[in-house]
Amino acid sequence: MSKTAYNISLKGYVGGYDFDRSTVDRELARNEGKQVNVLIDSLGGSLATGLSISAAFKNHGNVNVHFVGLNASAATIASLGAAHISIDAGAMYLVHKCSMAFFEWGSLNSDQFATLIADCEKIKAGLDKLDLNCAQLYASRCKRKTEDLLALMKVGGWLTAKEALDWGFVDEITDLADEPAPKLTDALASAMASEGMPIPNIPVAEVDKDSAFSRFLAALTSFFKPSTNPITTAMIKTYTFLSAILADKPLTVKDGAATVTVAQLDAIEDALAEKDRLCNEQKQTIADLQAKLAKTPAEPSKQVVEDNKPGEPAPKNDVEAFVETFNSARALYNEV
């Protein structure tokens with residue numbers, strides 16, 4: 001089967017735009033009653049889509065699936081409805097237990113934990129049913145016991161083409177010159193690790209520096225590349241209180257980070273201890289005065305002090321005294 005003989009090419013995420021049920025239905029309807037050759041190269045995705053495509057292949061009848069590259073999870077489920085399954089000699093195959101995203105962040109009391117545990121038990125029960133269903137589908141294809149497939153799914157390791165054939169997942173191994181070997185890039189390995197998938201033991205592909213996309217990225221990088229002689233602006237901040245404490249031990253700040261010696265730490269510790277001691281002394285003094293005030297009764301006043309007693313003139317202020325002296329001097333001058 002040559003590379004150009006495929007009616008359908010399913011790649012990428014199962015359930016995505018290039019690996020969806022509508023594409024499969026359209027091509028199967030277009031080739032009704034005919035043999036349909038399908039190429040699969042996918043790490044998996046939506047189990048629901050995989051089951052749906054598998055049923056579509058089974059209903060069509062005459063479908064041949066061929067695996068290239070790294071294939072796992074829902075991508076393998078999608079192939080189970082095919083009449084014939086082949087795999088490239090360099091391709092790899094992975095089955096594993098079902099999983100789902102789970103996020104829980106916060107502070108929970110005992111009742112909330114009980115609710116969360118109950119919800120998790122329901123999720124686990126659902127995943128167990130999905131695992132059993134997938135294991136039964138694999139077992140039917142491989143002519144093996146369901147328990148054996150459940151055990152293999154629990155291990156979740158990558159199978160070579162030969163191992164996939166020995167298990168019965170595929171019917172044939174091909175070694176065609178135009179079949180691409182599986183490639184593992186750094187980005188792909190990171191994506192697999194984030195999804196909890198085992199990383200196959202194959203060489204990491206080198207980036208093609210001569211490709212159009214690589215040249216575009218290089219040009220884009222050089223456009224935003226900073227000057228080879230950047231102007232460095234020193235950001236200086238004065239720590240007044242720390243400087244007073246450290247005295248002849250200046251604080252060194254470089255690139256936003258301060259370097260503190262043991263001697264400086266000792267000086268800061270001593271200063272803080274002294275401040276704490278003085279603060280405690282002041283608190284104790286205030287407490288003593290409050291206690292003394294609470295014990296001392298108020299003395300009743302037997303006499304009311306009056307500022308202005310009857311018959312006594314009120315004392316004059318400086319202005320009034322000056323005016324009186326001036327008037328007396330003027331009157332004396334007029335008499336003369």
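Residue numbers (UniProt numbering): 1 to 336. All residues carry an ideal CB built from backbone N, CA and C; glycine is no exception.
Problem - Straight-line gap, residue 135 to residue 173 (C-alpha atoms, nearest Å) - result: Using only the alpha carbons, I get a separation of about 23 Å.
Handout entry: the stretch 44 to 53 touching the stretch 138 to 158, judged by at least three CB pairs closer than 8 Å
Key = Three or more Cβ pairs closer than 8 Å define a contact, and the stretch 44 to 53 falls short of that threshold against the stretch 138 to 158.
Problem - Reduced DSSP secondary structure (H/G/I, E/B, other) of residue 113 - result: helix
Exercise for the section: May I ask which residues mark the beginning and end of the alpha helix (DSSP H) holding residue 283? Expected result: 262 to 295
Problem - Assigned secondary structure, residue 97 (DSSP; H/G/I helix, E/B strand, else coil) - result: coil
Handout entry: Best match in 49, 67 and 28 for proximity to residue 13 [C-alpha to C-alpha]
Key = For residue 13, the nearest C-alpha among the options comes from 49.
Practice task
Output yes or no for whether 8 Å exceeds the beta carbon distance between residue 79 and residue 65.
Solution key: yes
Exercise for the section: Check the DSSP bridge columns for residue 108 and list the partner residues they point to. Expected result: Per DSSP, residue 108 has no beta bridge partner at all.
Exercise for the section: Could you tell me whether the Cβ atoms of residue 16 and residue 41 are closer together than 8 Å? Expected result: Taking a C-beta distance under 8 Å as the contact criterion, residue 16 and residue 41 do not qualify as a contact pair.
Problem - Short Cβ contact (8 Å threshold) for residue 44 with residue 74 - result: Contact: yes.
Exercise for the section: Determine the DSSP secondary structure at residue 171, reduced to helix, strand or coil. Expected result: Coil, per DSSP.
Problem - Under 8 Å between C-beta atoms of residue 85 and residue 171 - result: yes
Exercise for the section: Decide if residue 108 is buried, meaning its Cβ has at least 16 other Cβ atoms within 10 Å, or exposed. Expected result: exposed
Practice task
Could you name the residues of the same chain whose beta carbon sits closer than 6 Å to that of residue 165, not counting the 5 residues immediately before and after it, in chain order?
Solution key: 173
Exercise for the section: Under 6 Å Cβ to Cβ from residue 30, same chain only, skipping five residues before and after it: list those, please. Expected result: none
Problem - Rounded straight-line distance, which links the Cα of residue 259 to that of residue 77 - result: 59 Å
Problem - Distance cut-off 7 Å: residue 157 Cβ against heavy atoms of the ligand FAD - result: This structure simply doesn't include the ligand FAD, nor any ligand for that matter.
Practice task
Give the secondary structure of residue 20 by DSSP, where H, G and I count as helix, E and B as strand, and everything else as coil.
Solution key: coil
Practice task
State the start and end residues of the unbroken beta strand (DSSP E) segment that holds residue 67.
Solution key: Residues 63 to 67.
Handout entry: Limits of the unbroken alpha helix (DSSP H) element including residue 59
Key = 47 to 60
Handout entry: Beta-carbon proximity of residue 38 to residue 82, cut-off 8 Å
Key = Contact flag set, yes.
Exercise for the section: Give the straight-line distance between the Cα atoms of residue 262 and residue 285, rounded to the nearest whole angstrom. Expected result: 35 Å
Practice task
Take the Cβ of residue 36 as the centre, count every other Cβ of all protein chains shown within 10 Å, and call the residue buried at 16 or more, exposed below.
Solution key: buried
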